[in-house]
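Per the numbering used here, residue 275 is the first one in the sequence shown, and the count goes up by one each step.
Here a beta-carbon is modelled for each residue, glycine too, at the ideal position from N, C-alpha and C.
This one's a predicted model, so the numbers in the text were calculated from it and none came from an experiment.
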Amino acid sequence: MGGIAINYKGEAIINKGSGDQAIPGLHAAGEAVSNCHGANRLGANSILDVDLGFGKAIGINIGCIATPGDKQPELKHNICDASIDNLEKVKALKGSVFPHDLRLNMRTTMQNKCGVFREAKLLDEAQEEIQKWYAAFKDLKITDQKKNFNTDLIESLELQNMLRAAVQMPLVVIPELQEDLATADKKLDLTNVDFSDVKEIPLPFLYSCARNRTESRGAHFRDDFPKREDEMDYSKPTEGQTAKPIEKHWRKHSISNLDLATGKVTISYRPVIDKTLDDEVQTIPPVPRVY
């Protein structure tokens with residue numbers, strides 16, 4: 275699953291190695307969310323997430339953090355400049371590649387080499403091809419220059435987003451996630467961030483994560499690494515076992531950063547939170563999926 279990472283309150287979070295930090299005022303639920311489907315995926319869908327689960331949690335949280343009469347934070351005058359500049363830049367492209375041709379190339383690579391069943395050889399070929407398609411976007415040819423009903427421009431902007439996803443999203447499925455109350459309450463102050471100069475976007479999944487993850491887990495199946503690699507052997511009683519350090523196993527979340535200019539991806543990792551918020555329910559250890 276790819277999308278926005280949230281805590282149990284529905285607050286969007288980031289993680290830069292020092293624990294989860296909530297982004298004040300930003301909430302997400304449903305299909306936009308990447309990390310909370312494990313609790314209900316086998317018996318429900320993300321519509322229930324929105325209506326009955328995290329939708330309610332978000333409403334409760336907003337009621338706790340908002341005060342009637344609060345003023346909206348003052349936004350920077352150039353907060354929209356990057357988006358407008360990108361739109362005009364794409365519209366002005368006069369290269370030699372038509373959007374539909376580039377989209378077909380991207381789709382063919384993703385379908386043929388980034389399916390549920392993958393191996394290192396296919397993933398390496400996919401990386402090389404996707405990077406080529408990502409770079410080819412600069413050579414796009416936009417023929418329609420109208421300012422209204424410009425389907426050529428709209429399809430090109432959609433293609434730009436898909437390429438950013440393609441370079442990152444041959445899916446790597448995260449383990450179960452239960453947020454810890456202490457880390458969820460940490461806040462991130464974005465008051466002085468200049469969004470017009472953002473060059474990297476943090477995202478949870480990408481091709482490189484799937485390539486690096488030398489195991490099979492959930493819908494990420496490696497023909498060359500068919501077994502999952504946990505910190506302990508959960509097919510046996512865990513009493514007496516010593517957990518491997520996080521560097522030696524794959525029961526952890528992959529976090530990626532994409533450089534929009536070059537398509538270069540950097541990877542970091544985040545530990546899985548196993549503890550519940552209270553002692554009312556006993557923590558259930560992971561169990562290997564068998565058929």
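What span of residues does the alpha helix (DSSP H) with threonine 425 cover, start to end?
425-440
Inter-stretch contact at 8 Å, needing at least 3 Cβ pairs: the region 516-527 / the region 410-426
no
Report the option in Ser430, Val390, Ala484, Lys415 whose CA atom is closest to the CA atom of valine 539.
Ala484
So if DSSP puts threonine 540 in a beta bridge, which residue, or which two residues, is it bridged to?
Asn531
I'd like the list of long-range same chain contacts for isoleucine 336, defined as Cβ closer than 8 Å, with 5 residues on each side in sequence excluded.
Cβ within range, chain order: His301.
Starting from the C-beta of serine 490, find all residues in its chain whose C-beta is less than 7 Å away, skip the five residues before and the five after it, and write them out in chain order.
In the same chain as serine 490, and ignoring 5 residues on each side of it, the C-beta atoms closer than 7 Å to its own belong to Arg496, Phe499, Pro500, Lys501, Arg502, in chain order.
By how many angstroms is the C-alpha of cysteine 338 removed from the C-alpha of aspartate 567?
Not covered by the structure: residue 567. The range shown for the chain is 275 to 565.
Three-state secondary structure (DSSP) of arginine 563:
coil
Mind checking which residues open and close the beta strand (DSSP E) that includes glycine 299?
That run of the beta strand (DSSP E) goes 294-301.
Where glutamate 505 falls, given that 16 or more other Cβ within 10 Å makes a residue buried
buried
Is glutamate 521 helix, strand or coil by DSSP?
helix
Taking just the CA atoms, how far does proline 298 sit from threonine 352?
In the sequence as displayed, the identity of residue 352 is asparagine instead of threonine. Taking the straight line from one Cα to the other gives about 20 Å.
Taking just the CA atoms, how far does alanine 296 sit from isoleucine 334?
CA-CA distance, isoleucine 334 to alanine 296, rounds to 16 Å.
For glutamate 399, I'd like the list of residues in its chain whose CB is within less than 7 Å of its CB, leaving aside the five on either flank, ordered along the chain.
Lys387
How would you write the range of the alpha helix (DSSP H) that asparagine 360 sits in, first residue to last?
355-365
Between the Cα of glutamine 405 and the Cα atoms of Arg438, Leu414, Ser357, Leu396, which residue gives the shortest distance?
The shortest Cα separation from glutamine 405 among Arg438, Leu414, Ser357, Leu396 belongs to Arg438.
Starting from asparagine 386 and walking both ways along the beta strand (DSSP E), at which residues does that stretch end?
Per DSSP, asparagine 386 belongs to no beta strand (DSSP E); it is in the alpha helix (DSSP H), 373-387.
Let's test the definition: count the other Cβ atoms within 10 Å of the Cβ of glutamate 362 and tell me whether it reaches 16, buried, or not, exposed.
Per the 10 Å Cβ criterion, exposed.
In this structure, does DSSP put arginine 392 in helix, strand or coil?
strand
Extent of the continuous alpha helix (DSSP H) run through isoleucine 336:
328-339
Alpha carbon to alpha carbon, what distance is there between alanine 286 and alanine 493?
24 Å
Contact check, valine 546 vs arginine 525 under 8 Å by CB: the rounded distance?
6 Å
Restricting to Cα atoms, I'd like to know which of Glu305, Gly369, Glu393 is closest to threonine 488.
In terms of CA proximity to threonine 488, Glu393 leads the group Glu305, Gly369, Glu393.
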